[in-house]
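Encoded as structure tokens, the structure appears first; notes follow it.
Number of protein chains: 2
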Amino acid sequence: MHKASRRTAGRPGNERILDAAEQLFARRGFYGVSLRDITREAGVDVALVGYHFGGKRELFTAVFERRAAVLNRERLELLEQVRRRALPGRPTLEAVVAAFTQPLFDRSTRGGPGWKSYFALVAYVNNSPEFGPLMMTRHFDPLVGKFIAGLRAALPDCPPREIYWGYQFLTGALTLTFAETGRIDALSGGLCRATDLESVHERLSPYVAAGFRALCGRSLARAPQPRARPALPRRRRP
Amino acid sequence: MHKASRRTAGRPGNERILDAAEQLFARRGFYGVSLRDITREAGVDVALVGYHFGGKRELFTAVFERRAAVLNRERLELLEQVRRRALPGRPTLEAVVAAFTQPLFDRSTRGGPGWKSYFALVAYVNNSPEFGPLMMTRHFDPLVGKFIAGLRAALPDCPPREIYWGYQFLTGALTLTFAETGRIDALSGGLCRATDLESVHERLSPYVAAGFRALCGRSLARAPQPRARPALPRRRRP
DNA sequence: GCTGTCATTCAACAAGTGTTGAGAATATAT
DNA sequence: ATATATTCTCAACACTTGTTGAATGACAGC
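Right under this line is the structure:
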């Protein structure tokens, strides 16, 4: 045995590779990690990547896919549970949002370090112009569609456009949270900690629920904006 | 002249490099771009990077710094304008938020392609566990501190913790928006377009303003959550 | 015209990249 | 025990990476 971490020691090589790749890709992105970084961490020869996965790209998507199905099944169950409990009425907006986010927080805090890395990886992918549209769409769109249907059921008079925008803001907040960059720690002088997902979880669904409701009622009372400034000149040397 | 794009043709080499690096770093991150990619795009020799900037890392931070000062000055002016206009009262929450975000939308839509790349780059940096805390903190914390002071002035009874968390959600939404991954296009079936920053701008400040208010009143009426599930077992093969 | 400074190019470096074919080790089945 | 897959290692491949020192061009001041 080489330098494989204690946690992944006794497992077969392909899983050791997946674990190491998950951790490293999450920290430094696809290009920031070499296959040798990964196999060194896994205590395995470089060529094993080619044997099990084909190439670096395929390894990346294998890491991404591994936990996606588990996660989506769990989220879907929760979503239907929320809907069932509310019968014969409609579920509250907060409950729908929490069904979407709760599995993320649960797995990240109590699912072990692999899950924590995984969510950071999803955050990376979601923000990447290169990988985002391809990989997120392929693996998460079916679930997201059902989630959005749930939002529409909870907000029957809201125009769909507003719901999609509200969903984007929600995803953005989630993404930054699970990236756990630690910036909020420095910014708040230690008052908030990026790793304190409990606190985020408590606050996220009230926050976005209120946001959704504000978007839906937006046509009536538009909030005042600062006065528009004159168009910016397109200087060639800004 | 080599392959330099029309737009950057007549400019000195260091600025051509900055422009090309800005565009490429924004698209594929720090590690996804080689110095040769950059200098080829700029129509310049590789060694010129070392001469002007020292190395790849320094080039990266130079790109990041170039527009930060301009941007922050503009945002600060707008923030103080909002405060001044509201005297002798306090500014509304929506106005404070808009002062923070408006320069971003203005520059991104009317500032030319360099600015658009720049905001995508900031989105990349903000979500990166590696670069985020260092670079964001160094270049944006002073302004963000003043912005948060503005939020506290607009929400005098809100505990600071709630404001910091609310700010994180706001930043996350902003970040994903400026990454312009295009995922929302596919998801919404064309109903929303990631490049349509006007629509985002209209919606973001009402959304987050409502979110902030919800966080501040949170202690009284907590929203109902789905029932807590039994603790997840730490399976070794999830 | 000469000189010195700045900007740029050329050429090469050692180190690291992903990938691949041949072979050893290990497990599984008969 | 032997045959057969499966899993893994070794060694090398062609290529790209960031960096650097020497040489060349441009161009001002005198």
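Which chain is which? The protein sequence lines are A and V, in order.
Each residue of the first sequence is one higher than the last, beginning at 139 in the numbering used here.
Each residue of the second sequence is one higher than the last, beginning at 139 in the numbering used here.
For each residue, glycine too, the CB sits at the ideal point set by N, CA and C.
Quick caveat: nothing in here was measured; it's all calculated off a predicted structure.
Practice task
Find out if the Cβ-Cβ distance for the pair Tyr262 of chain V, Gly170 of chain A is shorter than 8 Å.
Solution key: no
Practice task
Tell whether a beta-carbon distance below 8 Å holds between Val201 of chain A and Phe163 of chain A.
Solution key: yes
Handout entry: 6 Å Cβ shell around Leu308 of chain V - same chain, five flanking residues per side excluded
Key = Val346
Practice task
Could you tell me the distance, in whole angstroms, from the CA atom of Thr230 of chain V to the CA atom of Arg341 of chain V?
Solution key: 16 Å
Problem - Residues within the segment 258–272 of chain A neighbouring chain V, beta-carbon criterion of under 8 Å - result: Ala258, Ala261, Tyr262, Asn264, Asn265, Ser266, Pro267, Glu268, Gly270, Pro271
Practice task
Check whether the Cβ atoms of Leu242 of chain A and Arg204 of chain A lie closer than 8 Å to each other.
Solution key: no
Problem - Where Arg228 of chain A sits in the DSSP three-state scheme - result: coil
Handout entry: Assigned exposure category for Ala352 of chain V - 16 Cβ within 10 Å defines buried
Key = buried
Problem - Contiguous alpha helix (DSSP H) assignments of at least 4 residues, all confined to the segment 294–326 of chain A - result: 298–317, 321–325
Handout entry: Other residues of its chain near Gln363 of chain V: CB distance less than 6 Å, five sequence neighbours each side excluded
Key = Interpretation of Gln363 of chain V is limited by its pLDDT of 47, a score under 50 that renders its predicted location unreliable; the figure taken from the coordinates is listed afterwards. Cβ neighbours of Gln363 of chain V beyond the five flanking positions: none.
Problem - Proximity test, Cβ basis, 8 Å: Ser143 of chain V and chain A - result: Residue confidence is low: Ser143 of chain V scores 42 on pLDDT, short of 50, so the model does not pin down where it sits. Its coordinate-derived value is still stated next. No, Ser143 of chain V does not count as interfacial toward chain A.
Problem - Residue from V:Asp323, V:Ala224, V:Arg299 with nearest C-alpha to Tyr89 of chain A - result: There is simply no residue 89 of chain A to check, as chain A begins at 139 and stops at 376 in what is shown.
Problem - Below-8 Å beta-carbon distance, Ser337 of chain V vs any chain A residue - result: yes
Exercise for the section: Note down, in chain order, every chain A residue with its Cβ under 8 Å from the Cβ of Arg165 of chain V. Expected result: Pro267, Glu268
Practice task
Kindly say whether Phe307 of chain A, judged by its beta-carbon, lies nearer than 8 Å to any beta-carbon of chain V.
Solution key: yes
Exercise for the section: Please decide whether Arg321 of chain V counts as near chain A, where near means a Cβ-Cβ distance under 8 Å. Expected result: yes
Practice task
Please determine if the segment 309–317 of chain A and the segment 243–260 of chain A are in contact, where contact requires at least 3 C-beta pairs separated by less than 8 Å.
Solution key: yes
Problem - Candidates V:Val282, V:Gly167, V:Lys254, V:Arg321, of which the one nearest Lys194 of chain V by Cα - result: V:Gly167
Problem - Contact list for Arg351 of chain V against chain A, beta-carbon separation under 7 Å - result: Ala348
Exercise for the section: Just confirm the distance between the C-beta atoms of Phe285 of chain A and Leu216 of chain A, as a whole number of angstroms; I'd bet it's less than 8 Å. Expected result: Phe285 of chain A to Leu216 of chain A, Cβ: 10 Å. No contact.
Exercise for the section: Answer yes or no: the CB of Ala158 of chain V versus the heavy atoms of the ligand FMN, is any distance below 7 Å? Expected result: Summarising the ligand content, the structure contains no ligands, and the ligand FMN is consequently not present.
Exercise for the section: Answer yes or no: does any C-beta atom of chain A fall closer than 8 Å to that of Pro294 of chain V? Expected result: no
Handout entry: Within chain A, partners of Glu203 of chain V - CB distance below 7 Å
Key = The contacting residues do not exist; Glu203 of chain V stays about 14 Å from chain A at best.
Problem - Selection from A:Ala206, A:Ala233, A:Arg154 that minimises the alpha carbon distance to Asp183 of chain A - result: A:Arg154
Exercise for the section: Tell whether a beta-carbon distance below 8 Å holds between Ser409 of chain V and Thr239 of chain V. Expected result: This structure cannot speak to residue 409 of chain V, because chain V is shown only from 139 to 376.
Problem - For Arg248 of chain A, the three-state DSSP class (helix, strand or coil) - result: helix
Practice task
Leaving aside the five residues before and after His277 of chain V along the sequence, list all residues of the same chain whose C-beta is less than 6 Å from its C-beta, in chain order.
Solution key: Ala206
Handout entry: Listed by chain order, chain V residues near Asp279 of chain A by CB distance under 7 Å
Key = Leu325
Exercise for the section: For Cys354 of chain V, go through chain A and note every residue whose CB falls closer than 8 Å to its CB, in chain order. Expected result: Here the premise fails: no neighbours, minimum Cβ distance about 10 Å.
Practice task
Using three-state DSSP, classify Leu329 of chain A as helix, strand or coil.
Solution key: coil
Practice task
Under 6 Å Cβ to Cβ from Cys296 of chain V, same chain only, skipping five residues before and after it: list those, please.
Solution key: Cys354
Exercise for the section: Answer yes or no: does any C-beta atom of chain V fall closer than 8 Å to that of Leu209 of chain A? Expected result: no
Handout entry: Beta-carbon proximity check, Tyr302 of chain V vs Ser326 of chain A, cutoff 8 Å
Key = yes
Exercise for the section: Could you tell me the distance, in whole angstroms, from the CA atom of Leu272 of chain V to the CA atom of Pro280 of chain V? Expected result: 14 Å
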